[in-house]
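Protein chains: 2
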Amino acid sequence: MTIHPNAELVRRYWSTAEARDWEGFAALLHPDVVYEAHQTRERVTGRDPYVRFNAEFPGDWHVTVVRVLADDSGGFAWTSFAVDGEEMTGLHVLTVVDGLVTKVDDFWPEPYDPPPGRDHLVERW
Amino acid sequence: MTIHPNAELVRRYWSTAEARDWEGFAALLHPDVVYEAHQTRERVTGRDPYVRFNAEFPGDWHVTVVRVLADDSGGFAWTSFAVDGEEMTGLHVLTVVDGLVTKVDDFWPEPYDPPPGRDHLVERW
Chain A
1 MTIHPNAELV RRYWSTAEAR DWEGFAALLH PDVVYEAHQT RERVTGRDPY VRFNAEFPGD
61 WHVTVVRVLA DDSGGFAWTS FAVDGEEMTG LHVLTVVDGL VTKVDDFWPE PYDPPPGRDH
121 LVERW
Chain B
1 MTIHPNAELV RRYWSTAEAR DWEGFAALLH PDVVYEAHQT RERVTGRDPY VRFNAEFPGD
61 WHVTVVRVLA DDSGGFAWTS FAVDGEEMTG LHVLTVVDGL VTKVDDFWPE PYDPPPGRDH
121 LVERW
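Structure follows, in structure tokens:
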């Protein structure tokens, strides 16, 4: 299996963020990049605001990449985000055009109780 | 851009589910397929239970595929799920081995209020 350049780009996106290497992070972004957090309906427009949005994110957070998929349209990353003793799951869809990230679609799914009526098929872990 | 076979598989997974074509759906699954819903920590093991899990899902639900990414490891799908007038976002990571789905990792991120302190960078939509 060959590694797609967009898989490398997605991993570099997270490794530079984890290293607080905001210059390296910015170099991956299109000047007009748009970030959308779909659950809160928040949008950040432009490279500089988006770098600040990440650089200013509070807490001593650390991110680990769990899984990456990539194709010519961009990359998907599933991450584990640890901040102040809490663990969160992040899911990120990066659209890539000419080697630069033009769009970030971000999701942070939170735990909830399972609906009733499917215990006959399901085990819990 | 060529269409990866796993992109076709992911689209077929959802088109057969939408059509309630459970035979066609089952044909995409490995006999030992494992489904995990990470937010509820539910697990379903095996093709027949997993087909039933989907076939028995309550309500007149309809699914639309918003975005697919695929590579040799599998496919990612972002879906919009409409059930009883409600719209939900589904995010699905399918692991594919030899043309069959061996693992489904499922996420249903729900809306929440944005944290304070980033209004200077963010607009709402």
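Residue numbers (full-length UniProt numbering), protein chains in the order written: chain A, 1 to 125; chain B, 1 to 125. Yeah, the Cβ is synthetic: ideal placement off N, Cα and C, and Gly gets one too.
Query                                                                                                                                                                : Result
What do you reckon, are the CB atoms on B/Ala70 and A/Asp71 nearer than 8 Å?                                                                                         : yes
Of all the beta strand (DSSP E) runs that stay within the bounds of the UniProt domain "SnoaL-like" (10-103) of chain A, which reach a length of 3 or more residues? : 29-37, 42-45, 62-71, 74-83, 86-97
Can you check whether the CB of B/Leu94 is closer than 8 Å to the CB of B/Val104?                                                                                    : yes
Short of 6 Å in beta carbon distance, which residues of its chain neighbour A/Val83, apart from the five on each side in sequence? Order them along the chain.       : Gly59, Trp61
What do you get for A/Glu56, buried or exposed, if any count of 16 or more other CB atoms within 10 angstroms of its CB means buried?                                : exposed
Kindly indicate if chain A contains any beta-carbon less than 8 Å away from that of B/Gly74.                                                                         : yes
What residues are listed by DSSP as bridge partners for B/Arg124?                                                                                                    : A/Glu42
Taking 8 Å as the CB-CB limit, is A/Asp113 close to chain B?                                                                                                         : yes
Here's the rule: buried if 16 or more other CB atoms are within 10 angstroms of the residue's CB, otherwise exposed. What is A/Ala27?                                : exposed
If contacts are defined as beta-carbon pairs under 8 Å, then A/Val10 and A/Gly75 qualify, I think. What distance do you get, rounded to the angstrom?                : 4 Å
For chain B, check one thing: does any of its Cβ atoms lie closer than 8 Å to the Cβ of A/Glu123?                                                                    : yes
Hey, how far is the Cα of A/His120 from the Cα of B/Gln39?                                                                                                           : 19 Å
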